[in-house]
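Residue numbers (the numbering used here), protein chains in the order written: chain A, 1085 to 1314; chain B, 1085 to 1314.
Where a beta carbon is used, it is the ideal one built from N, C-alpha and C, also for glycine.
Shown next, in structure tokens, is the structure this report addresses.
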DNA sequence: GCAAAAGTGTTTAATTTACACCCATGG
DNA sequence: CCATGGGTGTAAATTAAACACTTTTGC
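Quick look at the structure:
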């Protein structure tokens, strides 16, 4: 039974801004667009909403179809609805950003996806309003990363505090005092030090750490909250 | 020239969570729904996106058509896209919240709009996922109000510091130390004291203040930023 | 004069900041 | 033995929290 008798139905899409981290740089995963118009130009990964899925599910599906990645951190950040934003046909799109472990992602990414990582500091011109979307996604990521422990999604399971600092410096584009940064981390019981060192970058070796979601959940229930200002 | 050959086109709507402030209470403007299904039940103000307008424009139009209000603060906070959120037909809706001066709004609101203010602490069951939307809008308002000077949108042009404090207490549902609150405000040059007192609530009278956007814009360029934690 | 809201000041504790310093080790 | 990244400690400065205090004025 239909009660709404409106003719106007725009297309609805989702677009994913996919962040990765490697060698101290925050990166973005872009693809060459494979349909007209603008075939071959740089674009975020997107797709149209289907009848059987929610927006969140659509974003996860697009991500999996195009990269093979599952169970990644995904957050909606904004809907974009300018009349002419898509030159071919009116399309309202909902922007999501994803945080992936770039090392792991690389394994999944088969070459025919035509996907490429580019540093966030050097994003090429993208189709439509995608550059604007990237900017909005980054802003949201910055905010989320200061207030919630989502940064870990960009790192491997095991990471050193120096890596973590480097990540935050990349996200915020600033440099951080190592002493102060580490002191704050030391108070977070949900950051568990492992009995293993990373000896790749120094003679002394750096302890590996691990984020333990269960401990964080408990700390949160007790009123503690995550805060890492740049 | 159409390049996309997809059949699935959901309806796209916008819904407005309208906040007002009166007598120390943060309120929400609700309407009785005037179409089936769920005719007569409490609902946010919404409407369908039209061909010629952006999402932002649609939200402003819906607000004006239903309340007569123009030039109000409107911010998009989230898109909602669960498959069955609207029982009649698949509809993706984009949530906006509005901040209005309730005194001014009351003048505009003609009675046949069937609109009613209810305190945010006592929101009745709403249709579909509208209660969830209200919760999300409130969260966003709380965040915005701590980091940007948007609270003033809920007050008349001239207001006292006591009113401002009461507003923040209502937004956050906490009580605030008057001394500390005022000390922080004293440092904000863009809060200008007028040569006029409000004598309605005390024998001594309280100075009226005014928010001066130009001065704030300049302060912001110089790196100052607004911060009012609850 | 006194109640009650408006408004100021002061003391103490907690955080932040900047930096100096020690540690471990492969070459 | 020393250069280098890893890691700790601390003093000074800033900010936040709690609360005592003064001011004004209609009744």
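Return no unless some Cβ of chain A is closer than 8 Å to the Cβ of residue i.
| i | result |
| --- | --- |
| residue 1216 of chain B | no |
| residue 1134 of chain B | yes |
| residue 1314 of chain B | no |
| residue 1176 of chain B | yes |
| residue 1221 of chain B | no |
| residue 1137 of chain B | yes |
| residue 1279 of chain B | no |
| residue 1102 of chain B | no |
| residue 1259 of chain B | no |
Counting only beta-carbon separations shorter than 8 Å, does residue i have a partner in chain B?
| i | result |
| --- | --- |
| residue 1160 of chain A | yes |
| residue 1086 of chain A | Bear in mind that the predicted position of residue 1086 of chain A carries a pLDDT of just 46, short of 50, making it too unreliable to give a figure here. |
| residue 1092 of chain A | yes |
Which residues bound the beta strand (DSSP E) around residue i?
| i | result |
| --- | --- |
| residue 1280 of chain A | 1275-1282 |
| residue 1107 of chain A | Segment: none, residue 1107 of chain A is in no beta strand (DSSP E) and carries neither H nor E. |
| residue 1202 of chain A | 1199-1203 |
| residue 1290 of chain B | 1290-1295 |
Taking C-beta pairs closer than 7 Å, name the residues in chain A that residue i reaches, listed in chain order.
| i | result |
| --- | --- |
| residue 1163 of chain B | 1139, 1160, 1163, 1178 |
At a cut-off of 7 Å, is residue i close to the ligand SAM when judged by its beta-carbon and the heavy atoms of the ligand?
| i | result |
| --- | --- |
| residue 1311 of chain A | Here there are no bound small molecules, and the ligand SAM is not part of this structure. |
Whose Cβ in chain B lies nearer than 8 Å to the Cβ of residue i?
| i | result |
| --- | --- |
| residue 1144 of chain A | By Cβ distance, chain B contributes nothing, its closest Cβ being about 12 Å from residue 1144 of chain A, past 8 Å. |
Whose Cβ in chain A lies nearer than 9 Å to the Cβ of residue i?
| i | result |
| --- | --- |
| residue 1308 of chain B | Under the 9 Å cutoff, chain A gives no residues; its nearest Cβ is about 17 Å from residue 1308 of chain B. |
| residue 1166 of chain B | 1138, 1139, 1140 |
- Task: At 3 residues or longer, and completely inside the segment 1130-1191 of chain A: list those beta strand (DSSP E) runs for me, N to C.
- Result: 1157-1164, 1175-1183
- Taking 8 Å as the threshold, find out whether the segment 1216-1226 of chain B comes into contact with the segment 1101-1110 of chain B through three or more Cβ pairs. yes
- Message: Please give me, in chain order, every unbroken run of the beta strand (DSSP E) with length at least 3 that falls completely inside the segment 1215-1286 of chain B.
- Response: 1275-1282
- Message: Quick test of the definition: if touching needs 3 or more C-beta pairs under 8 Å, does the segment 1233-1243 of chain B touch the segment 1274-1294 of chain B?
- Response: yes
- Item | Cβ contact check for the segment 1249-1260 of chain A and the segment 1285-1303 of chain A: 3 or more pairs under 8 Å | no
- Message: With a threshold of 8 Å, are at least 3 pairs of Cβ atoms found where one atom belongs to the segment 1151-1159 of chain B and the other to the segment 1302-1311 of chain A?
- Response: no
- Kindly confirm or deny that the segment 1184-1192 of chain A and the segment 1203-1215 of chain A touch, where touching means at least three C-beta pairs closer than 8 Å. no
- Message: Three Cβ pairs or more, each shorter than 8 Å: is that satisfied between the segment 1198-1207 of chain A and the segment 1105-1121 of chain A?
- Response: yes
- Task: May I ask you to verify whether the segment 1156-1167 of chain B touches the segment 1218-1237 of chain B, counting CB pairs closer than 8 Å and requiring at least 3?
- Result: yes
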